[in-house]
Every structure is written in structure tokens, then in C-alpha cells.
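Trainee:
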Amino acid sequence: MSNERRITIIGGGLAGPLLACLLADDGHDVAVLEQRGDPRAAGYEGGRSINLALSARGIEALERIELKQQVLDEAVPMRGRMMHDRDGNRAFSPYSIIPGEAINSVSRGGLNCTLLDAAESRPNVQLHFGVDCSIDVEQAGVTWTNSDGTSVSRSADLVVGADGAGSAVREAMCSHGSIKARTDFIDSGYKELSIPPGQGGSFQLENDALHIWPRERYMMIALPNADGSFTCTCFWPLEGEASFEEVSTADSVMDFFQVHFPDAVPLMPDLVEEYQANPVGPLGTVRCSSYHHDDTAVLVGDAAHAIVPFFGQGMNAAFQDCLRLAEAIRDHDDLSKALVHYDRAQRPDGEAIAEFSLENFIEMQDKTASRLFRFKQRIRKRLNRMFPKFYVPRYNLVSFTTIPYSKIQKHLIVRQLALVGVLLVLVVVVKLIILRIRGTI
Ligand SMILES: Cc1cc2nc3c(=O)[nH]c(=O)nc-3n(C[C@H](O)[C@H](O)[C@H](O)COP(=O)(O)OP(=O)(O)OC[C@H]3O[C@@H](n4cnc5c(N)ncnc54)[C@H](O)[C@@H]3O)c2cc1C
């Protein structure tokens, strides 16, 4: 066990309170500063229910702070993808050959509140909401103004940026010149809609699947909530044909959905009102040249590596960062060594999952609709069944194991090369057999 430290975490979203629990359990004195009000008092996201897919990496982290069972008890397991075509036909494709292996739909607001409760229950964690802070990364100092106007300063050994994609801590590190960072936006954005529960709180679609309406440049997905509703997310281009800009009037929204997502329309009684009321969010990838500044500041989660959400891994990756950072601080007496170790371990993973997520954007939008893709999926599952130790599909390595993303990326390159090698050998052998039969050799 290393020295007890004074640590200030900026951001009380998903990663912030989880990290606070892990660090507090190691004896550190932790403060979490969140710019919004306390969601347990104020309600979350204006009451909209937004959900996330929780998988192995997130579950491992929740287990460390003894929240695994509580969170899974409130989650809805999704065993596979349900594809909806334009005629309303559905095709189910399980994620795994292992019975019971599933990703889990959890409420973002519910999970946030559970994590804040867990952090608050630790005597060495203080939570502050509604704060507007300025950060000195060089001195690990933070000054903030409370909602009542009083000014407070806190000096610490370490400031952690768990403040999401638009991180102020990352900005302060960039301004200081210690790191470089960039955000690459894609030309699509997202908008959340909903399918309410049916009669008696029943689900109006299969509740054990992640539903996808893939339509090439645009798509909609829906994840089940425990109350029988589904949260739908439209991922569409921001401008041009079939875009949020083009589809905006009540008539155009209804016409567009009738043509492209006809089986969803009868399930969405508030479609037009929600579509016009809910905002369009941007989607981008954050890349940093380093995740830390000397021994005084460090980034976790979206602050370090916001990714596009097409692998359902942003929160899972953020939770894995928290585990690795807490371990690094525990294992190194010297904070600077701990942060270097964390950066070397996690940055390649952040880069790998960013690439996987961009690749999955193409796969989910477009390929899931094609017969060839589904044929390949069946071959992959057959190979997985025949050689479970040697062939596990990428989706399963990412979602159902905690193997570092960068190791998975290397493994996939080696496997691809080996496959090409085997195919080449097969071609040569077949050619030799043909020549032999013809009597040429
Ligand atoms: C449409 C969509 C779908 C997604 N689906 C999934 C999914 O299925 N599975 C998955 O694993 N991930 C998913 N993600 C990604 C996931 O939401 C993020 O990766 C995750 O929220 C990152 O957690 P975080 O704590 O790093 O950041 P956040 O959850 O964004 O929390 C950051 C917190 O910091 C606060 N903050 C910001 N600036 C300041 C400041 N200056 N001072 C104080 N506080 C500040 C914010 O108010 C916020 O509470 C999805 C993302 C999107 C956009």
C-alpha cells in the first residue's frame, strides 16, 4: 500500500464516483467536483431515460466496489442483435455461442446515482455539486465557486480529469503545453427517442435484444429499459440527404419514419414531439499525446479518449481506466511512476478501442443489413464453436473479456495473417493435387 494521497477528481459522471470509491478504499482523501446539480436531487437529463450497454470491463470494475450484483439486478440482458428490415421483417443474431453470455442495458441516470451513493457512503470522499472550477495542473490545485457564490480552494497531490469529452482538465494540460489533444468529429450525430411500455408494463419488442434498423448512411437502435420501455437512438448524418437538417418538420419526420422504420412508427406515439424537442448530439473521437501531466494531473474515461458509441464501450473503457489508475497508484510509491505506468498501459488501449468503434460504425450502419455479412457472422460462430480456444470473434473478445483492447488488436492482426497463410498453403496444395492428377508432375 502506497502513501495516502489527497486527490481531487473533476467530474461526477460515471468514471468520477467509481474512481473515488476505488481510491477511497485504498485510504486516499478524495474530493469529487461536479459542475451540474446533484442528479439524485435534481433528476437526470430532464427525466429522459437514457441507457448504456454494460459489459465485462464495466462489470469487473463494479465488482471491485461491490456494486456488481446491485447493478446487474436492475439491468436488462441483451443476448444478441435483432435486425429490422424496411418491410418490418426481423432477424435475430446471438452475440455468443455461450448460453447466458449477454451485454446489459443499464440506465445511465440510475447508474450515476448508484455510484454517487457508493462514493458518498465512504467517509474519506467529499462530493461537491454545481461547482464552476479553475484548475492549476502544475500545482494540482483547484479553485471553485459554489452555487451560493462562495469561493473555495483545494490543494492536492493529484487532479484527475473525469470530466468527459469536453474536459477542462485536458484543456488546462494542453494550455500548459504538456500534452497535445484533438477531437475528430464524424459527419453523423445522434438523437434519442423512446418506445413506451405496452399494456401492463409489457415490452413492445423482444426485450432480450439490442434492436437495429440499419439503413446504410443512417440507422436507429433501441435498447430495453427495466420499466418495459425502449430508448431509441437515431444515428444520422448532420447535413444533406436523410439528415437531421433535412428531416425537421412534423410531416417530414412522419414520412421519413413511415418509409424507413415502418414497424417502429406504431410503437412511438410521441415520435414527432420527441423528435422535435430532443437535441442532436455530436459524435467524435478524442486523441491525446499523453494522459498525464508530470505527477500532478491525469485523465480518465472520455476526457482521455472519447470514442464514437458504436461498440458500446465508452463507459466500459472508462471504468477499466479507473481500475488501472487505482492499481498503478497502489503499486507505485512514486506518483510520477504510477502515472507513467498508467499512461503506457491505457493509451494504446484508448487508441485501439477508438479504431474498433469507428470500424463498427460501418458494420452496424451498413453491413448488418447484408446477407454476405450475416453469412460471415455464421462462419465466425461456426469457427468459434469448432475451435473455442483459438477462434473468438472480435466482438466477443471486446465485450465478454477484459483482455486489453490493444492486445486484442495485435491478436487480430496475427490471426488475419495466419488465416491468409493457411489459405495460401491450401491453394498451393490444391494446385499440386490438380497438377498431379493431370500427370504434369
Ligand atoms: C449516444 C451514446 C451512446 C452511448 N452508449 C454507450 C454504451 O452503450 N456503452 C458504453 O460503455 N458507453 C456508451 N457511451 C459512452 C459513455 O456515455 C461515455 O463513455 C461515458 O459516459 C464516459 O464516462 P465519463 O465519466 O468519462 O464522462 P461523463 O459520463 O461524460 O461524465 C463527465 C462528468 O463531468 C462533468 N463535468 C464536465 N466538465 C466539468 C467541469 N469543468 N467541472 C466539473 N464537472 C465537469 C459532467 O457534468 C459529467 O457529469 C455512449 C455515448 C453516447 C453519446
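Counting from 50, one number per residue, gives the positions in the sequence shown under the numbering used here.
Cβ coordinates follow ideal geometry from the N, Cα and C atoms, glycine included.
As the structure is a computational prediction, the values presented were derived from the model and not from experiment.
ILE58 and LEU68: beta carbons closer than 8 Å?
Mentor: On the sequence shown, position 9 is the one that residue 58 refers to. On the sequence shown, position 19 is the one that residue 68 refers to. For ILE58 and LEU68, yes; Cβs fall inside 8 Å.
Trainee: As a quick exercise: from GLY159, ALA346, LEU473 and SER154, pick the residue whose alpha carbon is nearest that of SER385.
Mentor: For this step, residue 385 is matched to residue 336 along the sequence shown. Closest by alpha carbon: ALA346.
Trainee: Is TYR454 a contact residue of ligand 2, with contact defined as CB to any heavy atom under 7 Å?
Mentor: Within the structure as shown, ligand 2 is missing, the only ligands being ligand 1.
Trainee: Cβ atoms of GLY399 and ALA366: under 8 Å apart, would you say?
Mentor: Counted from its first residue, the sequence shown places residue 366 at position 317. Counted from its first residue, the sequence shown places residue 399 at position 350. Yes; because the gap between Cβ atoms is below 8 Å, this pair is in contact.
Trainee: Report the start-end ranges of each alpha helix (DSSP H) in the region 126-170 that is 4 residues or longer and not cut off at the edges.
Mentor: The qualifying runs are 157-169.
Trainee: Just list the beta strand (DSSP E) runs in the region 56-83, keeping only unbroken ones of 3 residues or longer that don't cross its boundaries, in chain order.
Mentor: If we require 3 residues or more, the beta strand (DSSP E) runs fully inside the region 56-83 come out as 78-83.
Trainee: Compare the C-alpha of GLU109 against each of MET364, ALA467, HIS381 and ASP134 and name the closest.
Mentor: In the sequence shown, counting from the first residue as 1, residue 109 sits at position 60. Taking only the C-alpha atoms, the option nearest GLU109 is MET364.
Trainee: Could you say which of GLU295, GLY247, GLY61 and ARG443 lies nearest to GLU408 if we only look at CA atoms?
Mentor: Position 359 of the sequence shown, counted from the start, is the residue given in the question as residue 408. Out of GLU295, GLY247, GLY61 and ARG443, ARG443 has the C-alpha closest to the C-alpha of GLU408.
Trainee: From MET268, ALA102 and THR451, pick the residue whose C-alpha is nearest to that of ARG128; which is it?
Mentor: As a first step, residue 128 is located in the sequence shown; it is residue number 79 there, counting from the start. When each option's Cα is compared against that of ARG128, the closest is ALA102.
Trainee: From PRO143 to GLU255, what does the alpha carbon distance come to, in whole angstroms?
Mentor: For the purposes of this step, residue 143 is taken as residue 94 along the sequence shown, with counting starting at 1. For the purposes of this step, residue 255 is taken as residue 206 along the sequence shown, with counting starting at 1. Taking the straight line from one Cα to the other gives about 13 Å.
Trainee: In or out: GLN369 buried (at least 16 other Cβ within 10 Å) or exposed?
Mentor: As a first step, residue 369 must be located in the sequence shown, where it is residue number 320. Per the 10 Å Cβ criterion, buried.
Trainee: So, GLY60 versus ALA211, is the Cβ gap smaller than 8 Å?
Mentor: For the purposes of this step, residue 60 is taken as residue 11 along the sequence shown, with counting starting at 1. For the purposes of this step, residue 211 is taken as residue 162 along the sequence shown, with counting starting at 1. Contact flag set, yes.
Trainee: Please classify SER51: does DSSP put it in a helix, a strand, or coil?
Mentor: Locating residue 51 in the sequence shown gives position 2, counting from the first residue. With a pLDDT of only 48 at SER51, under 50, the local geometry of the prediction cannot be trusted, and no value is derived from it.
Trainee: Using DSSP bridges, identify the partner residues of ALA271.
Mentor: Taking the first residue of the sequence shown as position 1, residue 271 is located at position 222. Looking at the DSSP assignment, ALA271 forms a beta bridge with HIS260 and CYS281.
Trainee: Taking SER156 and PRO273 to be in contact with their CB atoms under 8 Å, please state how far apart those CB atoms are, rounded to whole angstroms.
Mentor: Taking the first residue of the sequence shown as position 1, residue 156 is located at position 107. Taking the first residue of the sequence shown as position 1, residue 273 is located at position 224. Actually they do not touch by this definition, with Cβ atoms about 11 Å apart.
Trainee: Please classify ILE356: does DSSP put it in a helix, a strand, or coil?
Mentor: The residue you call residue 356 lines up with position 307 of the sequence shown. Here ILE356 sits in coil by DSSP.
Trainee: Use the C-beta contact count for ASN161: other C-beta atoms within 10 angstroms, 16 or more gives buried, fewer gives exposed.
Mentor: Your numbering for residue 161 matches position 112 in the sequence shown. Burial call: buried.
Trainee: Is PRO117 helix, strand or coil when you go by DSSP?
Mentor: Translated into positions along the sequence shown, residue 117 becomes position 68. Residue 117 is actually Lys in this sequence, not Pro. The answer is helix: DSSP assigns LYS117 an H, G or I state.
Trainee: Looking only at C-alpha atoms, which of GLU83, ASN52 and ARG55 sits nearest to PRO66?
Mentor: For the purposes of this step, residue 66 is taken as the residue at position 17 of the sequence shown. Nearest option by C-alpha distance: GLU83.
Trainee: At the level of alpha carbons, what is the spacing between GLY62 and THR194?
Mentor: Position 13 of the sequence shown, counted from the first residue, corresponds to residue 62. Position 145 of the sequence shown, counted from the first residue, corresponds to residue 194. Roughly 19 Å separates the two Cα atoms.
Trainee: Look at the Cβ atom of VAL441, then the Cβ atom of HIS342, and state whether they are nearer than 8 Å.
Mentor: Your numbering for residue 441 matches position 392 in the sequence shown. Your numbering for residue 342 matches position 293 in the sequence shown. No.
Trainee: So what does DSSP say about HIS460, is it helix, strand or coil?
Mentor: Within the sequence shown, residue 460 is the residue found at index 411, counting from 1. Three-state DSSP puts HIS460 in a helix.
Trainee: State the start and end residues of the unbroken alpha helix (DSSP H) segment that holds PRO88.
Mentor: Looking up residue 88 in the sequence shown gives position 39. From DSSP, the alpha helix (DSSP H) with PRO88 extends over 88-91.
Trainee: Distance check for ALA401 and GLN458, CA to CA, integer angstroms please.
Mentor: Walking along the sequence shown from the start, residue 458 turns up at place 409. Walking along the sequence shown from the start, residue 401 turns up at place 352. For GLN458 and ALA401, the distance between alpha carbons rounds to 7 Å.
Trainee: Just the C-alpha distance for SER237 and GLY333, rounded to the nearest angstrom, thanks.
Mentor: By one-based count along the sequence shown, residue 237 stands at place 188. By one-based count along the sequence shown, residue 333 stands at place 284. About 9 Å.
Trainee: Is VAL180 near ligand 1, judged by its Cβ being under 7 Å from some heavy atom?
Mentor: Indexing the sequence shown from 1 puts residue 180 at position 131. Yes.
Trainee: Just tell me which of PRO358, PHE178 and VAL335 has its CA closest to the CA of ALA214.
Mentor: Counting from one through the sequence shown, the residue named residue 214 turns up at place 165. Closest by alpha carbon: VAL335.
Trainee: Under 8 Å, do HIS260 and ALA275 count as touching if we go by C-beta distance?
Mentor: Here the question's residue 260 lines up with position 211 in the sequence shown. Here the question's residue 275 lines up with position 226 in the sequence shown. It is not a contact, given that the beta carbons lie outside the stated cut-off.
Trainee: By DSSP's criteria, PRO286 is part of a beta bridge. Which residues make up the other side?
Mentor: To locate residue 286, count along the sequence shown from 1; it is residue 237. Beta-bridge pairing links PRO286 to SER237.
Trainee: Helix, strand or coil for GLY488, going by three-state DSSP, please let me know.
Mentor: Sequence index remark: in the sequence shown, residue 488 carries index 439 (1-based). Reduced to three states, the DSSP call for GLY488 is coil.
Trainee: Name the residue from GLY149, LEU446, VAL389 and VAL329 whose alpha carbon lies nearest to the alpha carbon of VAL125.
Mentor: The residue you call residue 125 lines up with position 76 of the sequence shown. VAL125 has its Cα closest to that of GLY149, out of GLY149, LEU446, VAL389 and VAL329.
Trainee: When you compare the CB positions of PHE359 and PHE410, do they come within less than 8 Å of one another, or not?
Mentor: Here residue 359 refers to the residue found at position 310 when the sequence shown is read from its first residue. Here residue 410 refers to the residue found at position 361 when the sequence shown is read from its first residue. Yes, they are a contact pair.
Trainee: Does the distance from the C-beta atom of CYS371 to that of ALA73 stay below 8 Å?
Mentor: Position 322 of the sequence shown, counted from the first residue, corresponds to residue 371. Position 24 of the sequence shown, counted from the first residue, corresponds to residue 73. Result no, Cβ atoms of CYS371 and ALA73 do not sit closer than 8 Å.
Trainee: Measuring CB to CB, does VAL321 end up less than 8 Å from MET303?
Mentor: In the sequence shown, counting from the first residue as 1, residue 321 sits at position 272. In the sequence shown, counting from the first residue as 1, residue 303 sits at position 254. Cβ distance < 8 Å, so VAL321 and MET303 count as in contact.
Trainee: For ILE228, which residues in the same chain have their Cβ closer than 6 Å to its Cβ, ignoring the five residues on either side in sequence?
Mentor: For this step, residue 228 is matched to residue 179 along the sequence shown. The answer, listed in chain order, is MET222, CYS337, SER338 and SER339.
Trainee: For HIS341, name the three-state secondary structure that DSSP assigns.
Mentor: The residue you call residue 341 lines up with position 292 of the sequence shown. Residue state, collapsed to three classes: strand.
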